Amino acid sequence: MPEMPEVEIIKRSLQDRLVGRTIQQVDIMLPRLIKWPTADRFQAITTGKKITSLTRRGKYLLFGLEDDLVIVVHLRMTGKLLYSSANTQQDRFSRIKFYLDNGDMMQYADSRTLGTLYAMSLDELWRITGLSSMGPEPLSEDFTLNYLKEGLKKHKGNIKALLLNQRFIGGLGNIYVDESLAIAGIHPERKADSVTESEVDKLFSSINAVIRDGIEHGGTTFRDYRDGNGHSGSHQFHLRVYGRKLLPCLICGTPIVKIEVAGRGTHYCPNCQR
DNA sequence: ACAGGAACCTGATAGC
DNA sequence: TGCTATCAGGTTCCTG
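Structure, rendered in structure tokens:
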């Protein structure tokens, strides 16, 4: 469900409330969500630990704990982290609860149960391949125009699949890729190596702009995305193509088309994007 | 290298 | 109303 802007907002909404708190109790209602180590070990090594930091890498959240331990969470499609008082009615899809030393809790809720959680020491993070092999993120120093240019040049496949590949760029997902391509005027089925110099320039700035705007608007709430306090974002009101099938393009009025590319629903303007 | 499909899962919604 | 099909902000693995 969430892409990098949504995960960033979740991080910001939880950071101040969690850092410094101690995890007093962990209830795991759905053990198979724990991918490392076992659910029992996860519970044993996190219980009683103080949370020392909360950071994000791509779509992963990393809860730093004392003793150089870390809890890693990937929300996949429908995962949520919700902070509340411990006696609040639990979410309908609550799967894991972290009870804190101040009488509050953070629950991991997930309707499709595709999310993944890990607990390990910092020097074991290499075990999470999606994390350790992740490419540079938009808005970061490592994500340069030249990196994008060279990467596109080397790829024979279509550009949408490449932009979705987290090894190439960390954090982009289906919505923000469609939006980036729309602003840059590039058809999602274009071969990556066919993109021209001036198009790469536009794409580079559109990727950064779309991610920056997404964060500024508190994320995109299309269905069930919420931040750590249960609040919706508003970037859905700023989307150019995603979810706008048959609606007029905001630039030229041509109806937005929806097709399948790289196995994902893909929206674009057939007039503006070539 | 790359495309396509399946798998992991469940819920909301559209269509009949 | 009730059944069936389709789709979903993600990632990984397998086959051709």
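Under numbering that gives the first Met the number 0, the residue at position 40 of the first sequence is numbered 39, and the numbers go up by one with no gaps. A virtual CB, placed ideally from N, CA and C, is assigned to each residue, including glycine. All values derive from a computational prediction rather than experimental measurement.
In chain order, what residues of the same chain have a beta carbon less than 8 Å from the beta carbon of residue i, not counting five sequence neighbours either side?
i, result
"Cys-271", "Ala-181, Gly-184, Cys-248, Ile-250, Cys-251 and Thr-253"
"Gly-217", "Ile-8, Asp-226, His-230, Ser-231, Gly-232, Ser-233 and His-234"
"Val-260", "Asn-157, Lys-159, Ala-160, Pro-187 and Glu-188"
"Gly-47", "Thr-21, Ile-22 and Gln-23"
"Val-256", "Lys-244, His-266, Tyr-267, Cys-268 and Pro-269"
"Leu-130", "Arg-56, Gly-57, Tyr-59, Val-71 and Leu-124"
"Leu-17", "Ile-50, Leu-53, Phe-62, Tyr-82, Leu-99 and Met-105"
"Val-146", "At residue 146 the sequence reads Tyr, which differs from the Val that was named. Once the five neighbours on either side are set aside, the close Cβ partners of Tyr-146 are Pro-135."
"Glu-198", "Ala-183, Gly-184 and Ile-185"
"Leu-138", "Asn-207, Ile-210 and Arg-211"
"Ser-12", "Tyr-82, Asp-226, Gly-227, Asn-228 and His-230"
Grouping DSSP H, G and I as helix and E and B as strand, with all else coil, what is residue i?
i, result
"His-186", "coil"
"Pro-30", "helix"
"Ile-133", "A quick correction: the sequence has Met, not Ile, at residue 133. Three-state result, Met-133: coil."
"Ile-168", "coil"
"Thr-219", "coil"
"Tyr-117", "strand"
"Leu-17", "helix"
"Val-194", "coil"
"Tyr-224", "coil"
"Arg-56", "strand"
"Leu-61", "strand"
"Asp-141", "coil"
"Ser-205", "helix"
"Lys-96", "strand"
"Thr-45", "helix"
"Thr-128", "helix"
"Asp-109", "strand"
"Asp-177", "helix"
Between residue i and the rest of its own chain, which residues show a CB-CB distance below 6 Å, the 5 nearest in sequence each way excluded?
i, result
"Asp-26", "Lys-96"
"Gly-63", "Thr-51, Ser-52 and Val-69"
"Ser-281", "It is not possible to answer for residue 281, since the shown part of the chain is limited to 0 through 273."
"Ser-84", "Asp-103"
"Arg-222", "none"
"Phe-41", "Ile-33 and Ala-118"
"Pro-30", "Ala-38"
Could you check how far apart the C-beta atoms of residue i and residue j are, in whole angstroms? I think they sit under 8 Å.
i, j, result
"Ile-174", "Tyr-241", "5 Å"
"Arg-94", "Met-28", "5 Å"
"Ile-210", "Pro-4", "6 Å"
"Thr-220", "Gly-213", "The Cβ separation is near 11 Å, so there is no contact."
"Leu-144", "Asp-103", "Wrong, their Cβ atoms sit about 44 Å apart, outside the cutoff."
"Leu-238", "Glu-178", "6 Å"
In chain order, what residues of the same chain have a beta carbon less than 7 Å from the beta carbon of residue i, not counting five sequence neighbours either side?
i, result
"Glu-2", "Lys-58, Gly-170, Leu-171, Gly-172, Ile-174 and Tyr-175"
"Ala-108", "Lys-79, Leu-81, Asp-90, Phe-92, Ser-93 and Arg-94"
"Gly-134", "Gln-165, Arg-166, Phe-167, Ile-168 and Gly-169"
Is the beta carbon of residue i within less than 7 Å of some heavy atom of the ligand FMN?
i, result
"Arg-56", "Ligands in the displayed structure: none, and consequently the ligand FMN is not present."
For this session: Please determine if the stretch 150-165 and the stretch 187-197 are in contact, where contact requires at least 3 C-beta pairs separated by less than 8 Å.
Result: They touch, by the three-pair rule.
Exercise. Is it true that the stretch 112-122 meets the stretch 63-78, where meeting means three or more beta-carbon pairs spaced less than 8 Å apart?
Worked result: Yes, they touch.
For this session: Could you pull out every unbroken beta strand (DSSP E) segment of at least 3 residues lying fully inside the stretch 64-88, listed in chain order?
Result: 68-73 and 78-84, all fully within the stretch 64-88.
Exercise. Can we say the stretch 116-128 touches the stretch 26-43, given the rule of at least three CB pairs closer than 8 Å?
Worked result: The stretch 116-128 is in contact with the stretch 26-43.
For this session: Run through the stretch 232-271 for me and flag every whole beta strand (DSSP E) of 3 or more residues, listed as ranges in chain order.
Result: Listed in chain order, the beta strand (DSSP E) elements of length 3 or more contained wholly in the stretch 232-271 are 256-260 and 263-267.
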